[in-house]
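Chains as they are written, first to last, in my numbering: chain C, 1 to 195; chain V, 1001 to 1138.
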Amino acid sequence: MNGLKKNGELKTDLLRSAYTIGELCVHPEYAYKRTNSEYVFAGILLPCLTYLFFALNLGLERQSFLSSATGFKTLLLVFFAIIVGFVTAIVLTGIAYLAGRAADREINGFRFLGSVEYSFGIGLIVELVGLIIRLITGANTTSSFGILGIFISLVFVFRCIFDLSEEKKIVSALFAALGGILAMLGLNILFFASF
Amino acid sequence: MKIDRNLIIGTVGLILTGICGIFSLNADIGAILLSAFFYLIVSAAVLLIYSYLIPRFLGVYADWLYFLPFPIMLIASRIILGWDLFLPFYAAGIVALTIDVYAKYKAKALHGTLMIAGAGAASIILFAVVSLCGGVVL
């Protein structure tokens, strides 16, 4: 009886956490208001998984037309992509921090990292859909779903950056563009990684 | 129709995107000029679609600054990274704009949501069709 009750409580907690994560993915700016750090630590999975699926899609595309591409090389690419995803989230947080300083606002970098991480939630779904379409139809979805998924994540990151300033929005737009260019550099590394 | 900063930023952003698309063409000068003309029409059509489906779009709701980072990224991707892509940039810019309009739009009923999503989707489809007709790499 006690075990059943505990099981029920666990299910309720899991459902509540899933709902909170879903809400944070749609409104990543709410993550900044959260003071409990476990959401920030758990959220780092989102950019890593988004880049993982992107790299998996890219690796499968390479295997379809490059004779030198192997499963092991795809695995290496995926592992490298996880690191790129993590670094991209940190870099975007750094850019947001600078944008905040330019707008005379003191930003808590650690909590803003949470907002950046959860911004990748919708992009992760787009990447997953692209990968599923590739696996079912064999269509090349790296540039359509792959890049668009990362860009949709950037849309949410940019919204968080724009929220930092009400007056200096043109400055925020320039910082957002800089963040986007740095994120594209990460994608470029994956495109031209020789393994 | 009040001409404000938003309209200027939006028009410049759309034209920059179109210019990058035209550079993706492997064609003679006549075809490039023709494509440039088509892109101008498409840019105007995109603004008209939004304005028709979402009343006061250009005056109150649209903040084209949300679109602006993507043309800048598109130019950087061509000059620095040498990418030959442009539709994902345009689509992401329109998605950014659509999300912002939705966030500000008062009427959150299904009708209003469909109008906003329809404006975004129509503009992306229009841009893709014109690009494909012009032989631009998407």
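C-beta: ideal position from N, C-alpha, C; glycine also.
The stretch 1013-1023 of chain V makes contact with the stretch 1036-1044 of chain V, as at least three CB pairs between them are under 8 Å. When C-beta atoms of the stretch 103-123 of chain C are compared with those of the stretch 1059-1066 of chain V, fewer than three pairs fall below 8 Å, so the two segments do not count as touching.
The beta carbon of C/Val157 sits closer than 6 Å to the beta carbons of Leu92, Val116, Ser119 from its chain, once the five residues preceding and following it are set aside; these are given in chain order. Annotation for V/Arg1078: no alpha helix (DSSP H) segment contains it, and DSSP assigns it neither H nor E. C/Leu52 is positioned such that its CB atom lies no closer than 8 Å to that of C/Ala18. Contacts with chain C at 8 Å (Cβ-Cβ) include V/Leu1068.
Per DSSP, C/Phe41 is one residue of the alpha helix (DSSP H) stretching across 38-43. Rounded to the nearest whole angstrom, the CA to CA distance from V/Val1130 to V/Ser1024 is 13 Å. Using a CB distance cut-off of 8 Å, V/Ile1029 does not count as an interface residue toward chain C. Annotation for V/Phe1067: Gly1010, Gly1013, Gly1093, Ala1096, Leu1097 place their beta carbon closer than 7 Å to its own, counting only its chain and skipping 5 residues before and after. Its Cα nearest to that of V/Ile1116, the residue V/Leu1047 stands out among V/Leu1085, V/Leu1047, V/Ala1031.
Against chain C, the beta carbon of V/Ser1077 has neighbours under 7 Å at Met184, listed in chain order.
Contact annotation: C/Ile189 and C/Val78 have beta-carbon atoms that are not nearer than 8 Å. Under the three-state reduction of DSSP, C/His27 is assigned to coil, being neither helix nor strand. Interface with chain C (8 Å Cβ-Cβ cutoff): V/Pro1088 is included.
Contact with chain V is absent for C/Ser115, since none of that chain's Cβ atoms lies less than 8 Å from the residue's Cβ. Counting C-beta atoms within 10 angstroms of its own C-beta, C/Arg101 has fewer than 16 neighbours from the protein chains shown and is therefore classed as exposed.
The continuous alpha helix (DSSP H) containing V/Val1046 extends over residues 1029-1053. Considering only beta carbons, the part of the stretch 115-146 of chain C lying closer than 8 Å to chain V consists of Ser143, Ser144, in chain order. Straight through space, the alpha carbons of V/Ile1032 and C/Tyr97 are spaced by roughly 42 Å. Not one beta carbon of chain V lies nearer than 8 Å to the beta carbon of C/Leu164. Considering only beta carbons, no part of the stretch 80-114 of chain C lies closer than 7 Å to chain V. Straight through space, the alpha carbons of C/Val26 and C/Gly109 are spaced by roughly 20 Å. Excluding residues up to 5 positions away in sequence, Ile133 lie with their Cβ nearer than 7 Å to the Cβ of C/Ala139 in the same chain. Contact annotation: C/Ala89 and C/Ser165 have beta-carbon atoms that are not nearer than 8 Å. Contact with chain C is absent for V/Val1129, since none of that chain's Cβ atoms lies less than 8 Å from the residue's Cβ. If the five residues before and after C/Ala176 are omitted, its C-beta is found closer than 6 Å to the C-beta atoms of Phe158, Ile161, all from its own chain and listed in chain order.
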